[in-house]
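One structure is given below, encoded as structure tokens.
2 protein chains.
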Amino acid sequence: MRQLVELKKAYRLLNHGPTVLVTSAHAGEQNVMAAAWNMALDFEPAKVCIVIDKNTYTRELVEAAGTFGLNIPDRSMASATLAVGACSGKSTNKFATLGLATFASQEISAPLLEGCLGWLECKVIPEPHIQQRYDLFIGEVVAAWADSTVFSDGHWHFPPGHSRSIHYIAGGTFFETGEEFTAA
Amino acid sequence: MRQLVELKKAYRLLNHGPTVLVTSAHAGEQNVMAAAWNMALDFEPAKVCIVIDKNTYTRELVEAAGTFGLNIPDRSMASATLAVGACSGKSTNKFATLGLATFASQEISAPLLEGCLGWLECKVIPEPHIQQRYDLFIGEVVAAWADSTVFSDGHWHFPPGHSRSIHYIAGGTFFETGEEFTAA
């Protein structure tokens with residue numbers, strides 16, 4: 000079940016470095032791309048960093064809307080995660096082509112993707128210099144959600160056998176999030 | 000065996016989102032801290048982002064030296080990864096206290112940590128506004144290394160049973176990098 004995540008604990012959704020799917024929407028158009036280059040930036044107010052290349056349709060939509068969604072896919076969505084990087088939303092409705100179902104976000108224009116493990120709704124904090132020079136965007140997290148089966152009370156707790164988050168490398172190769180352990 | 004990593008493939012050391020240890024040195028002082036908030040930023044020239052809080056001794060050393068090292072620890076170093084975050088280098092020589100052995104980097108002032116899986120030597124690209132406002136640093140990767148047992152030809156390939164990279168969450172809890180798989 001989808002539940003709200005306390006904003007000051009939203010960083011924990013990204014802290015282990017999963018690859019995310021970035022959703023965006025503006026003026027009736029919407030898109031989705033994959034991004035391994037994301038990280039938490041602050042606890043409270045919760046902030047994130049994400050790299051969005053100038054050549055992407057997502058970039059146009061995010062700059063126009065001033066918001067974006069981060070969706071944390073599980074292993075069952077690895078093929079879709081690859082596929083959204085292999086075509087452009089300028090020429091393809093990736094949601095329709097890949098059969099990606101969405102639901103409405105609460106605070107932003109972008110839709111969020113059904114079947115993910117967690118979601119962050121983000122509002123761009125305008126930093127034109129680093130956006131232009133490095134394709135680097137800073138977002139304030141204005142709402143966060145997680146599937147309570149895998150994340151609740153501010154912690155991930157994947158049930159045995161449950162599909163986990165994924166970490167892209169290159170050439171179609173991913174790592175699945177592995178064993179949880181506690182260090183002392 | 001430690002081998003050079005081609006700079007344009009250095010991003011692959013960080014692409015799966017491991018927690019890193021940040022080493023720094025200036026004027027005879029050196030330090031190490033942990034950072035889950037890191038990501039690749041560009042392929043060529045290779046760049047990275049890292050968050051370095053204003054209250055850390057690492058911040059002083061990195062700003063003074065203009066360089067830092069990123070060291071990718073394996074699970075056997077998880078306790079040390081926690082421990083370096085639990086004390087300040089201002090009052091403690093963490094290397095001595097925690098028994099962390101180092102070797103000399105090639106291009107920067109910071110030492111690198113023995114026993115890690117990979118290493119990135121980084122030169123700060125000065126961006127005073129985001130350093131001050133967000134504690135966000137951009138570094139150009141000027142040399143990169145990996146243990147060829149686990150990374151070679153631009154790819155991770157952990158042998159069965161080999162200790163893997165780690166992904167911090169909170170409260171002493173980590174995930175180990177899990178199963179590798181290829182999506183089509």
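So the sequences go chain by chain: A and B.
As numbered in numbering that gives the first Met the number 0, residues 0 to 183 make up the first sequence, in order.
As numbered in numbering that gives the first Met the number 0, residues 0 to 183 make up the second sequence, in order.
We put the beta carbon where it would ideally sit given N, CA and C, even for glycine.
From a predicted model like this one, the values you see are computed outputs, not experimental measurements.
Taking alanine 9 of chain B and valine 140 of chain B to be in contact with their CB atoms under 8 Å, please state how far apart those CB atoms are, rounded to whole angstroms. As a position in the second sequence, residue 9 of chain B is number 10, starting the count at 1. As a position in the second sequence, residue 140 of chain B is number 141, starting the count at 1. Contact holds; Cβ gap of about 5 Å.
Would you verify that the beta carbon of cysteine 115 of chain B is, or is not, closer than 9 Å to some beta carbon of chain A? Within the second sequence, residue 115 of chain B is the residue found at index 116, counting from 1. No, cysteine 115 of chain B does not count as interfacial toward chain A.
In chain order, each alpha helix (DSSP H) run of at least 4 residues that lies wholly inside the region 55-87 of chain B: You should have 56-64 and 77-82.
Which residues in the same chain have their Cβ closer than 7 Å to the Cβ of asparagine 14 of chain B, if we skip the five residues on either side of it in sequence? Here the question's residue 14 of chain B lines up with position 15 in the second sequence. Ala39, listed in sequence order.
Decide yes or no for the touch test of the region 66-86 of chain A against the region 156-165 of chain A: beta carbon pairs closer than 8 Å, at least 3 of them. Yes: the two stretches touch, three or more of their Cβ pairs being nearer than 8 Å.
So, does the CB of cysteine 48 of chain A fall closer than 9 Å to a CB anywhere in chain B? Residue mapping note: residue 48 of chain A aligns to position 49 of the first sequence, counting from 1. A Cβ of chain B is located within less than 9 Å of the beta carbon of cysteine 48 of chain A.
Give a yes or no on whether 9 Å exceeds the smallest Cβ distance from histidine 184 of chain A to chain B. An answer regarding residue 184 of chain A cannot be provided, because it is not within the stretch 0 to 183 covered by chain A.
Going by DSSP, name the residue or residues bridged to isoleucine 137 of chain A. Mapped onto the first sequence, residue 137 of chain A falls at position 138. Answer is A/Cys48, bridged to isoleucine 137 of chain A.
Determine, using beta carbons only, whether aspartate 41 of chain B comes closer than 9 Å to chain A. Counted from its first residue, the second sequence places residue 41 of chain B at position 42. Yes - at least one Cβ of chain A is within 9 Å of the one on aspartate 41 of chain B.
Which residues, taken in chain order from the region 97-116 of chain A, show a beta carbon closer than 8 Å to some beta carbon of chain B? Within the region 97-116 of chain A, no residue has a Cβ that lies closer than 8 Å to any Cβ of chain B.
Measure the beta-carbon distance from glutamate 126 of chain B to isoleucine 107 of chain B and round it to whole angstroms, keeping in mind my assumption that it falls under 8 Å. Locating residue 126 of chain B in the second sequence gives position 127, counting from the first residue. Locating residue 107 of chain B in the second sequence gives position 108, counting from the first residue. In this structure glutamate 126 of chain B does not touch isoleucine 107 of chain B by the C-beta definition: roughly 18 Å separates them, more than the 8 Å allowed.
Which residues in the same chain as threonine 91 of chain A place their Cβ atom closer than 6 Å to its Cβ, once the five residues preceding and following it in sequence are excluded? Here residue 91 of chain A corresponds to residue number 92 of the first sequence, with the count starting at 1. Taking threonine 91 of chain A as the centre and dropping the five residues before and after it, the same chain places no C-beta closer than 6 Å to its C-beta.
Should the region 127-136 of chain A be regarded as contacting the region 94-103 of chain A, the criterion being three or more beta carbon pairs within less than 8 Å? Touching, no, given that fewer than three Cβ pairs across the two stretches are closer than 8 Å.
Going by C-alpha distance, which of B/Trp118, B/Val123 and B/Arg1 is nearest proline 17 of chain B? The residue labelled residue 17 of chain B in the question sits at position 18 within the second sequence. Of the listed residues, the one whose Cα sits closest to proline 17 of chain B is B/Trp118.
Along the chain, which unbroken stretches of the beta strand (DSSP E) at least 3 residues long are found entirely within the region 128-183 of chain B? For the region 128-183 of chain B, whole beta strand (DSSP E) runs of length 3 or above, ordered along the chain, are 135-146, 165-169 and 172-181.
Please report the distance separating the alpha-carbon of alanine 109 of chain B from that of glycine 171 of chain B. What you label residue 109 of chain B is simply residue 110 of the second sequence in a count that begins at 1. What you label residue 171 of chain B is simply residue 172 of the second sequence in a count that begins at 1. Cα to Cα, alanine 109 of chain B sits roughly 26 Å from glycine 171 of chain B.
To which residues does DSSP link leucine 111 of chain A through a beta bridge? On the first sequence, residue 111 of chain A is found 112 positions in, with the first residue counted as 1. In the DSSP output, where bridge partners are listed per residue, leucine 111 of chain A has A/Phe102.
Can you list, in chain order, the residues of its chain whose CB lies under 7 Å from that of alanine 82 of chain A, leaving out five sequence neighbours each side? Taking the first sequence and counting its residues from 1, the one referred to as residue 82 of chain A is at position 83. Taken in chain order, the residues that qualify are Leu97.
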